[in-house]
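In what follows, a structure is listed as C-alpha cells, so that the remarks can point back to it.
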Amino acid sequence: MQADFWHQMWHSGRVGFHQTEINRFLQSHWQALGLSGDESVLVPLCGKTLDMLWLKELGHAVTGVELSAKALEEFLQAHQLVGTPTSHPQLTGYEVSGLSLYCGDFFHLRAEDCAEIGAVYDRAALIALPEAMRREYVAHLNAILPRPVPQMLIAMTYDQRVLSGPPFSVDQSEIERLYGAHYRVQVLESVAFERKGVPTVETAYHLIPLE
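One point on numbering: in the working numbering, the residue at position 54 of the sequence shown is 256, and numbering is uninterrupted.
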C-alpha cells in the first residue's frame, strides 16, 4: 500500500476504519493475554484510536506508530494533549502522558525503540496491508520486538472478489503462516456482520508466544 493512499484518506476525512468508541474485543478479551498490567504495549498503525488511552488507563505505557501526521495531530487535539518532541533519525516522535507516539513509516521503527515492549495490540495494521506487505510487516515486527510477546490481533474475512480492501481479508490460515514460527494462534471471539452489503466476519486472536 502506497503511503500517498493513506495520506489522502486522512486528509480527505475518509477514515471509516477509525472507531469512535473503545474496541469491544479489546475491552472483553485483553485480560486473556495474562499481562501484569504494567507492560509497554506497541500499537502499530495506530491512527487516532481511543484504544491507546484505554490501555494507558490500565497502567500500560503505550507506543503508537502512525504514518499520517494529521491522524496524530487530531488525536492530540481531541484529548487536549501536548506532546514533547523526541529525537529519532527517521521518525517524528512525541512523548506525552504515558504515550510514546511516532509519526512515519512503521518500517523505520527500530529494535531500540521497542526494547521495553511487552505486548502488541494490532487492531488495524495487518489488515491495512496487501498480502506482500503483510509478510514484510510481520518479519519487521519480529525483528524489532525484544522477544515474542503476547499479542491481540483483530482481523476480518470476506469475499474480496466482491469487495476490495483495505481493510483486507485475512483468514486464520494466513495468520498461522505469518506468525506460526513464534506464536500459537488462539481465537478469542468472532462476530459476523455485513460491511457494504458483503457478509464479513471479524475475529480477535490471541497470539501466544511459543516456549
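Virtual Cβ for every residue (Gly too), placed ideally from N, Cα, C.
Because the structure is a prediction, the values reported are computed rather than measured.
Next on the checklist: So Cys248 and Gly261 are supposed to be a Cβ contact under 8 Å. How far apart are they, rounded?
Outcome noted: That pair is no contact at about 18 Å.
Checklist entry - In chain order, what residues of the same chain lie with their CB nearer than 7 Å to the CB of Tyr296, ignoring the 5 residues before and after it? => result Annotation for Tyr296: Gly285, Thr286, Pro287, Thr288, Leu303 place their beta carbon closer than 7 Å to its own, counting only its chain and skipping 5 residues before and after.
Next on the checklist: Using a 10 Å radius around the Cβ and a threshold of 16 neighbouring Cβ atoms, would you call Ala326 buried or exposed?
Outcome noted: Counting other Cβ atoms within 10 Å of its Cβ, Ala326 reaches 16 or more and is therefore classed as buried.
Checklist entry - Three-state secondary structure (DSSP) at Thr405? => result In the three-state reduction of the DSSP assignment, Thr405 falls in the strand class, which pools E and B.
Checklist entry - Measuring CA to CA, which of Pro369, Leu244, Thr222, Ala234 is closest to Ala357? => result When the alpha-carbon of Ala357 is set against those of Pro369, Leu244, Thr222, Ala234, the nearest one is in Pro369.
Checklist entry - What residues in its chain sit with their C-beta under 6 Å from that of Gln353, if we drop five residues either side in the sequence? => result Hits under 6 Å: Val322, Leu409.
Next on the checklist: By DSSP's criteria, Arg397 is part of a beta bridge. Which residues make up the other side?
Outcome noted: For Arg397, which the question treats as bridged, DSSP gives the partners Val400.
Checklist entry - With distances taken from CA atoms, which of Ser270, Ser238, Glu223 is nearest Met254? => result The residue with the shortest Cα to Cα distance from Met254 is Glu223.
Checklist entry - Under the DSSP definition of a beta bridge, which residues are partnered with Asp240? => result None; Asp240 has no bridge partner.
Checklist entry - Roughly how many angstroms separate the alpha carbons of Ile377 and Glu275, rounded to a whole number? => result Taken atom to atom, the span from the alpha-carbon of Ile377 to that of Glu275 is near 32 Å.
Checklist entry - In the DSSP assignment, what residue or residues form a beta bridge with Met491? => result The structure shown does not extend to residue 491, since the chain spans only 203 to 413, so no value can be given for it.
Next on the checklist: Between the stretch 304-318 and the stretch 229-247, can you find at least three pairs of beta-carbon atoms closer than 8 Å?
Outcome noted: Judged by Cβ distances under 8 Å, the stretch 229-247 makes contact with the stretch 304-318, as three or more pairs qualify.
Checklist entry - Using CA coordinates, which residue listed in Gly300, Trp232, Asn225 is at the minimum distance from Ser179? => result Residue 179 is absent from the model: the chain starts at 203 and stops at 413.
Item to check | Span of the alpha helix (DSSP H) around Ser230 | outcome: Taken as a continuous stretch (DSSP letters only), the alpha helix (DSSP H) holding Ser230 covers 226-231.
Item to check | Sub-7 Å separation of Leu347 and Ile319 beta-carbons | outcome: Yes, these two residues count as a Cβ contact at 7 Å.
Checklist entry - What are the uninterrupted segments assigned as beta strand (DSSP E) that are 3 or more residues long and contained completely in the stretch 261-332, given in chain order? => result Residue ranges of uninterrupted beta strand (DSSP E) with 3 or more members, entirely inside the stretch 261-332 and ordered along the chain, are 263-268, 286-288, 294-298, 301-305, 319-324.
Item to check | Bridge partner(s) assigned by DSSP for Ser371 | outcome: For Ser371, which the question treats as bridged, DSSP gives no partner whatsoever.
Checklist entry - From this set, Asp240, Pro291, Lys250, which residue's C-alpha is nearest Leu278's C-alpha? => result The shortest C-alpha to C-alpha distance from Leu278 to any of Asp240, Pro291, Lys250 is the one to Lys250.
Checklist entry - Since Val393 and Glu404 are thought to touch, with beta carbons under 8 Å apart, how far apart are those beta carbons, to the nearest angstrom? => result That pair is a contact at about 5 Å.
Checklist entry - For Leu412, does the three-state DSSP call read helix, strand or coil? => result Coil.
Checklist entry - How about Ser371 and Thr359: are their beta carbons less than 7 Å apart? => result Yes. Within cutoff.
Item to check | Nearest candidate by alpha-carbon position, reference Cys316, set Arg337, Met335, Leu331, Asn344 | outcome: Of Arg337, Met335, Leu331, Asn344, the residue nearest in Cα terms is Asn344.
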